[in-house]
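Numbering (this note's numbering), first residue to last: 59 to 196.
Data block below; observations after.
See the structure below:
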């Protein structure tokens, strides 16, 4: 059989495509996870900074809050995550609204994180927010 005729056959191409798709899906099931693990953690807001008093519209969008674990049982896990993942994008919930930000470790404030974000959020000190932390893939 001529190879050119086989590869030009649309049924052959469809079968080959299905074989690749099936193999890919089986690999996805066999490997525990290609995606990073997520940790959902309640965090207490310690301090919030509102809109900065600047002329630049770019900087007016930048806000931050300082936070730490809301539950004593999460202290070690949050501290470890901050040491290994400082500067990572996270998602967080204030009420039912989801927001994105970047969470940094504050090196001289044990177990504290600096969450930088651009959304306008109504949050104050002592509020509890839910933060979704993504485990590093390393």
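Backbone N, C-alpha and C fix where the C-beta goes; we use that ideal spot for every residue, glycine too.
Predicted model only: the values in this text are computed from it and were never measured.
Residue i Cβ short of 8 angstroms to the ligand ADP heavy atom set
i: residue 192; result: With respect to the ligand ADP, the structure shown offers nothing to examine, as it has no ligands at all.
Through-space distance from residue j to residue i, alpha-carbon basis
i: residue 178; j: residue 119; result: 8 angstroms
i: residue 96; j: residue 133; result: 17 angstroms
i: residue 123; j: residue 101; result: 11 angstroms
i: residue 162; j: residue 141; result: 9 angstroms
i: residue 175; j: residue 110; result: 13 angstroms
i: residue 186; j: residue 114; result: 31 angstroms
i: residue 172; j: residue 164; result: 7 angstroms
i: residue 130; j: residue 108; result: 28 angstroms
i: residue 125; j: residue 184; result: 9 angstroms
i: residue 139; j: residue 117; result: 28 angstroms
i: residue 168; j: residue 155; result: 28 angstroms
i: residue 121; j: residue 106; result: 8 angstroms
Proximity of residue i and residue j at Cβ, strictly below 9 angstroms
i: residue 152; j: residue 181; result: yes
i: residue 99; j: residue 192; result: no
Residue closest to residue i, alpha-carbon to alpha-carbon, out of the options
i: residue 158; options: 188, 127, 168 and 170; result: 188
i: residue 103; options: 155, 156, 128 and 117; result: 128
i: residue 147; options: 170, 160 and 105; result: 160
Start-to-end residues for the beta strand (DSSP E) that takes in residue i
i: residue 277; result: Residue coverage of the chain in this structure runs from 59 to 196, which leaves residue 277 outside it and unanswerable.
i: residue 149; result: 146-152
i: residue 161; result: 155-163
i: residue 125; result: 121-127
Span of the alpha helix (DSSP H), counted from its first residue to its last, around residue i
i: residue 169; result: Segment: none, residue 169 is in no alpha helix (DSSP H) and carries neither H nor E.
i: residue 193; result: No alpha helix (DSSP H) contains residue 193, which DSSP labels as neither H nor E.
Classification of residue i by the beta-carbon crowding that lies within 10 angstroms, buried from 16 upward
i: residue 143; result: buried
i: residue 166; result: exposed
i: residue 90; result: In this prediction, residue 90 scores a pLDDT of 46, lower than 50, which makes its location untrustworthy; the coordinate-derived value is nonetheless stated afterwards. Residue 90 should be labelled exposed.
i: residue 150; result: buried
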